[in-house]
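Visitor: Positions 21 to 180 (the numbering used here) are the ones given, in order, by the sequence shown. Could you have a look at this structure, given as structure tokens, before my questions?
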Amino acid sequence: MSTPPPVFRERLLPGAGALSTAVGLGALTAIILIPVHPVAAVAAAAAVAAAGVCWLVLGAPVITVEAGVLRAGRAHIPVSLLGPARVIGSRQAMREELGGRLDARAHVLLRSWIPTGVRVTLDDPADPTPYWLLSTRRPDELAAALQPSPPTLRAATPDA
């Protein structure tokens, strides 16, 4: 039996600037090592750049909503324990959420290269965390995926 696909899935990949920095570290490695051994400098530069890019890409957290569970990085919570989700659609609004409005008990999954996000209130009296603040490039889709699904209506069958 196959599992249904996730309702929402996004890997918070770094932007071009972060990837360029990893490649730049490789170039700096080459500059440092060229006087010692030019061939080794090129090999070391390629290894440093590749390791940096792999570390950034493979280390990027994933946000998924599937099987009634929200997973954000290593944290997870059943969608049934979530309250309303509010879209944060601009860099300025995200700055305000992370400034004076931020509750120290909140769970934050932030990536500085992603300017938008979602704030999800928790309705779990046993959890002291008031809300989750998540970076996402698709805040409208994530907020929609966190909405409770309406009950399905079944056709009444006539009694025989």
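Beta carbons: idealized from backbone N, C-alpha and C, even for Gly.
So T141 and Y151 are supposed to be a Cβ contact under 8 Å. How far apart are they, rounded?
Guide: Numbered from 1 along the sequence shown, position 121 holds the residue referred to as residue 141. Numbered from 1 along the sequence shown, position 131 holds the residue referred to as residue 151. The pair is a contact, with the Cβ atoms about 5 Å apart (cut-off 8 Å).
Visitor: If you follow the beta strand (DSSP E) that T141 is in, where does it begin and where does it stop?
Guide: As a position in the sequence shown, residue 141 is number 121, starting the count at 1. Segment 137 to 142, the beta strand (DSSP E) holding T141.
Visitor: Could you name the residues that DSSP lists as bridge partners for S155?
Guide: Your numbering for residue 155 matches position 135 in the sequence shown. According to DSSP, which records beta bridges pairwise, S155 is partnered with G137.
Visitor: Tell me the residue span of the alpha helix (DSSP H) that contains T41.
Guide: Along the sequence shown, one-based indexing puts residue 41 at 21. Element bounds for T41: 36 to 53.
Visitor: Give me the DSSP bridge partner(s) of R31.
Guide: Taking the sequence shown and counting its residues from 1, one reaches residue 31 at position 11. R31 pairs with V82.
Visitor: Run the CB neighbour count on E116, radius 10 Å, all protein chains shown included, and call it buried at 16 or more, exposed below.
Guide: As a first step, residue 116 is located in the sequence shown; it is residue number 96 there, counting from the start. E116 comes out exposed.
Visitor: Quick check: what's the CA-CA separation for T41 versus R139?
Guide: Position 21 of the sequence shown holds residue 41. Position 119 of the sequence shown holds residue 139. If you take the alpha carbons of T41 and R139, they lie about 30 Å apart.
Visitor: Can you check which of these residues, L39, R111, V27, F28, is closest to V68 by C-alpha distance?
Guide: Taking the first residue of the sequence shown as 1, we reach residue 68 at position 48. Of L39, R111, V27, F28, the residue nearest in Cα terms is L39.
Visitor: Take L76 as the anchor and find which of L102, T49, V43 has the nearest alpha-carbon.
Guide: Numbered from 1 along the sequence shown, position 56 holds the residue referred to as residue 76. Per the Cα distances, V43.
Visitor: With distances taken between CB atoms, is the gap from L45 to G72 smaller than 7 Å?
Guide: Position 25 of the sequence shown, counted from the start, is the residue given in the question as residue 45. Position 52 of the sequence shown, counted from the start, is the residue given in the question as residue 72. Result yes, Cβ atoms of L45 and G72 sit closer than 7 Å.
Visitor: Whose C-alpha, out of A124, T84, G119, is nearest the C-alpha of P148?
Guide: Start at 1 with the first residue of the sequence shown, and residue 148 comes out as number 128. With distances taken between Cα atoms, P148 lies closest to A124.
Visitor: Keeping to the same chain, check which residues put their C-beta closer than 7 Å to that of A80; ignore five residues upstream and five downstream.
Guide: Looking up residue 80 in the sequence shown gives position 60. Taken in chain order, the residues that qualify are R31, L32, L33, P34.
Visitor: If T49 sits next to A70, beta carbons under 8 Å apart, how far is it from one beta carbon to the other, in whole angstroms?
Guide: Taking the sequence shown and counting its residues from 1, one reaches residue 49 at position 29. Taking the sequence shown and counting its residues from 1, one reaches residue 70 at position 50. Going by Cβ atoms, the distance from T49 to A70 rounds to 11 Å, so no, they are not a contact pair.
Visitor: Quick check on DSSP: helix, strand or coil for P150?
Guide: To locate residue 150, count along the sequence shown from 1; it is residue 130. Reduced to three states, the DSSP call for P150 is coil.
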